[in-house]
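Worksheet: one structure, shown below.
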Amino acid sequence: MFFKSQLAIEFAYRFAAHSAGTWVFWVHASTQARVIEGFKTIADQVKLIGCNQPEVDVLQIVFDWLSNDRNGKWLLVLDSADDYDVFYGASGNVKDGRPLAIYLPQGQNGCIILTTRNKDLAFRLTSDY
Numbered sequence: 005m006f007f008k009s010q011l012a013i014e015f016a017y018r019f020a021a022h023s024a025g026t027w028v029f030w031v032h033a034s035t036q037a038r039v040i041e042g043f044k045t046i047a048d049q050v051k052l053i054g055c056n057q058p059e060v061d062v063l064q065i066v067f068d069w070l071s072n073d074r075n076g077k078w079l080l081v082l083d084s085a086d087d088y089d090v091f092y093g094a095s096g097n098v099k100d101g102r103p104l105a106i107y108l109p110q111g112q113n114g115c116i117i118l119t120t121r122n123k124d125l126a127f128r129l130t131s132d133y
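Using this note's numbering, the letters of the sequence shown correspond one by one to residues 5 to 133.
What follows is the structure, encoded as structure tokens:
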């Protein structure tokens, strides 16, 4: 029996195997802190300058990188995104007061896979796609 995360892992491996040169990123999305840590890992992987400096808005610089077509194709897996508040509620507001969801890019060069048990969150996060 496969579970949602196992299916996402299998898809990510197959996607990477058939899409040479495509970035694959995995972000545990159970809490705001884990999402931010996942974005820091992405920043390190793609070698974003200054990403480890405390004054740098890592969410914004990763969003900008993912939104830039020149950086190539990518797949972002948001695993265990079950808590609506992480993305839209009080716990989802990062230091500037904006919801975490705005840092999930939309564009032709990337795809996001969401594993969740929260149907309302899934519809809200995908409503603009």
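Quick reminder that beta carbons are idealized off the backbone N, C-alpha and C, glycines included.
Worksheet entry | Whole-angstrom distance between Q10 and N56, CA atom to CA atom | 31 Å
Find the nearest neighbour of L52 within the set T130, V66 and E41, judged by alpha-carbon distance.
V66
Exercise for review: Would you tell me roughly how many angstroms separate the C-alpha atoms of M5 and D61, rounded to the nearest one?
Suggested key: Confidence at M5 is low in this model, with a pLDDT of 41, below 50, so its placement is unreliable and no value can be given for it.
Q) Going straight from the alpha carbon of A147 to that of I13, what length do you get? A) Look at the range of the chain in this structure, 5 to 133, and you will see that residue 147 is not part of it.
How about V50 and W69: are their beta carbons less than 7 Å apart? Taking 7 Å as the Cβ cut-off, V50 and W69 qualify as a contacting pair.
Just tell me which of I106, Y92 and S84 has its CA closest to the CA of K8.
-> S84
Q. In three-state terms, what does DSSP make of F7?
A. In this structure, DSSP gives F7 a state outside helix and strand, which the three-state scheme calls coil.
Item to complete: Quick one: give me the first and last residue of the alpha helix (DSSP H) that D73 is part of.
Response: That residue, D73, is in no alpha helix (DSSP H); it is neither H nor E in DSSP.
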